[in-house]
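Student:
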């Protein structure tokens with residue numbers, strides 16, 4: 013299934029890509045204004061879904077370098093239908109990560125395009141056989157709000173018009189041998205429900221630190237002692253705590269619009 017992209021050519025009238033019996037129907041077709049998926053005032057479903065599949069993009073790298081976090085930035089189509097993906101990576105072992113990238117058969121020609129103190133940005137060509145879920149989410153009017161690597165796969169946050177769309181997306185993943193696990197489901201808006209998205213390792217680190225009294229005043233355990241408990245170096249612990257706390261703050265208390273009045 014081809015990606016939906018502004019670079020795609022449409023041999024048929026625009027909109028024909030939705031003429032499929034598996035697709036949900038748009039509701040609220042009025043004579044005036046833009047068609048609506050939801051009736052005014054109806055809350056959309058917000059779901060956090062974990063997707064695992066060997067043919068999903070960067071899956072081999074995610075498994076080989078679980079301590080690193082990958083966030084897709086954008087994908088585009090260039091000449092001859094070649095798909096190029098840009099993605100941001102955080103963590104403390106870029107050498108191992110890049111070794112994994114070079115061995116990853118879901119991509120080709122990985123290239124470092126930007127390097128900052130806190131992250132790196134890479135570009136890669138997506139292999140033709142690599143599976144993508146975004147064409148299906150687009151056809152089902154599902155908004156992919158956020159995505160990041162976690163626990164051997166992709167943790168995605170979706171805003172869904174109704175449960176039928178979620179079930180159809182689940183069925184599609186099953187047909188493509190993609191493991192599909194709903195971690196959270198609510199009727200809050202995308203802005204109201206935070207995307208915490210902690211990996212299992214990050215969650216375990218924070219829980220262990222909290223239980224051991226690392227956050228107490230005075231501390232019940234030193235950083236060295238906590239690192240020994242987790243069987244990692246103090247530098248790795250420091251990096252892991254920063255990433256986990258940063259993700260926790262971003263997903264719970266950070267303001268999405270810093271310009272908005274309090």
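In our numbering, the protein residues as written are 13 to 274. Glycine residues also receive a C-beta, built at the ideal position from the N, C-alpha and C atoms. Quick caveat: nothing in here was measured; it's all calculated off a predicted structure.
How far does the alpha helix (DSSP H) with residue 72 in it reach, from first residue to last?
Tutor: As a working mapping, residue 72 is identified with position 60 in the chain shown. If you look at residue 72, you'll find it in the alpha helix (DSSP H) that goes 71 to 76.
Student: Per the DSSP calculation, residue 165 is bridged to which residue(s)?
Tutor: Here residue 165 is taken as the residue at index 153 of the chain shown, counted from 1. Its beta-bridge partners are 162.
Student: Quick one: grab the DSSP three-state call for residue 224.
Tutor: Your numbering for residue 224 matches position 212 in the chain shown. Reduced to three states, the DSSP call for residue 224 is coil.
Student: Cα-Cα, which of 90, 84, 232 is closest to residue 98?
Tutor: The residue given as residue 98 occupies position 86 in the chain shown. Closest by alpha carbon: 84.
Student: Where DSSP assigns a beta bridge to residue 138, which residues make up the other side?
Tutor: By 1-based counting over the chain shown, the position of residue 138 is 126. Answer by DSSP bridge pairing, in chain order: 95, 119.
Student: Quick check on residue 245: buried or exposed, where buried means 16 or more other Cβ atoms within 10 Å of its Cβ?
Tutor: Position 233 of the chain shown, counted from the first residue, corresponds to residue 245. Result: exposed.
Student: DSSP puts residue 82 in a beta bridge; with which residues?
Tutor: One-based indexing of the chain shown puts residue 82 at position 70. Listed as beta-bridge partners of residue 82 by DSSP are 101.
Student: Should residue 122 go down as buried or exposed, given a rule of 16 or more other Cβ atoms within 10 Å for buried?
Tutor: Locating residue 122 in the chain shown gives position 110, where the first residue counts as 1. By the 10 Å Cβ count, residue 122 comes out buried.
Student: Would you check if the distance between the CB atom of residue 137 and the CB atom of residue 96 is smaller than 7 angstroms?
Tutor: In the chain shown, counting from the first residue as 1, residue 137 sits at position 125. In the chain shown, counting from the first residue as 1, residue 96 sits at position 84. Less than 7 angstroms separates the beta-carbon of residue 137 from that of residue 96.
Student: For residue 165, which residues in the same chain have their Cβ closer than 8 angstroms to its Cβ, ignoring the five residues on either side in sequence?
Tutor: Your numbering for residue 165 matches position 153 in the chain shown. Cβ within range, chain order: 62, 63, 64, 65, 68, 71, 74, 191.
Student: Using DSSP bridges, identify the partner residues of residue 62.
Tutor: By one-based count along the chain shown, residue 62 stands at place 50. BP columns for residue 62 point to 167, 193.
Student: Is residue 243 buried or exposed, if buried means 16 or more other CB atoms sit within 10 Å of its CB?
Tutor: In the chain shown, counting from the first residue as 1, residue 243 sits at position 231. Counting Cβ neighbours within 10 Å, residue 243 comes out exposed, since fewer than 16 surround it.
Student: For residue 143, which residues does DSSP report across the bridge?
Tutor: If you number the chain shown from 1, residue 143 lands on position 131. DSSP output for residue 143 lists 68 as bridge partner(s).
Student: Would residue 163 pass as a contact of residue 211 if the rule is Cβ separation under 7 angstroms?
Tutor: Counting from 1 along the chain shown, the entry for residue 163 is found at position 151. Counting from 1 along the chain shown, the entry for residue 211 is found at position 199. It is a contact, given that the beta carbons lie within the stated cut-off.
Student: With distances taken from CA atoms, which of 90, 155, 108 is nearest residue 146?
Tutor: To locate residue 146, count along the chain shown from 1; it is residue 134. By alpha-carbon distance to residue 146, the top candidate from 90, 155, 108 is 155.
Student: Flag this pair as yes or no: are the beta carbons of residue 195 and residue 56 separated by less than 7 angstroms?
Tutor: Your numbering for residue 195 matches position 183 in the chain shown. Your numbering for residue 56 matches position 44 in the chain shown. No, the pair does not count as a contact, with Cβ atoms beyond the cut-off.
Student: Residue 183 lies in the alpha helix (DSSP H); which residues open and close that run?
Tutor: For the purposes of this step, residue 183 is identified with residue 171 of the chain shown, where counting begins at 1. Start and end: 175 to 187.
Student: What's the call for residue 129, buried or exposed, on a 16-neighbour Cβ count within 10 Å?
Tutor: Along the chain shown, read from residue 1 onward, the residue named residue 129 stands at position 117. Exposed.
Student: Should residue 116 be labelled buried (16 or more other beta-carbon atoms within 10 Å of its own) or exposed?
Tutor: On the chain shown, residue 116 is found 104 positions in, with the first residue counted as 1. Under this definition residue 116 is a buried residue.
Student: Report back the beta-carbon spacing between residue 134 and residue 101 to the nearest angstrom; my notes put them in contact at under 8 angstroms.
Tutor: For this step, residue 134 is matched to residue 122 along the chain shown. For this step, residue 101 is matched to residue 89 along the chain shown. In this structure residue 134 is in contact with residue 101, their Cβ atoms being roughly 6 angstroms apart against a cut-off of 8 angstroms.
Student: Go ahead and pull the three-state DSSP assignment for residue 172.
Tutor: The sequence position of residue 172 within the chain shown is 160, counting from 1. Reduced to three states, the DSSP call for residue 172 is strand.
Student: Could you check the C-alpha separation between residue 76 and residue 217 for me, to the nearest Å?
Tutor: For the purposes of this step, residue 76 is identified with residue 64 of the chain shown, where counting begins at 1. For the purposes of this step, residue 217 is identified with residue 205 of the chain shown, where counting begins at 1. If you take the alpha carbons of residue 76 and residue 217, they lie about 20 angstroms apart.
Student: Report all residues from its chain with a CB closer than 8 angstroms to the CB of residue 215; omit the five preceding and five following residues, and keep chain order.
Tutor: Mapped onto the chain shown, residue 215 falls at position 203. Hits under 8 angstroms: 256.
Student: For residue 222, count the other beta carbons within 10 Å of its own beta carbon; 16 or more makes it buried, fewer makes it exposed. Which is it?
Tutor: In the chain shown, residue 222 corresponds to position 210, counting from 1. A residue is called buried when at least 16 other Cβ atoms come within 10 angstroms of its Cβ; residue 222 does not meet this threshold and is exposed.
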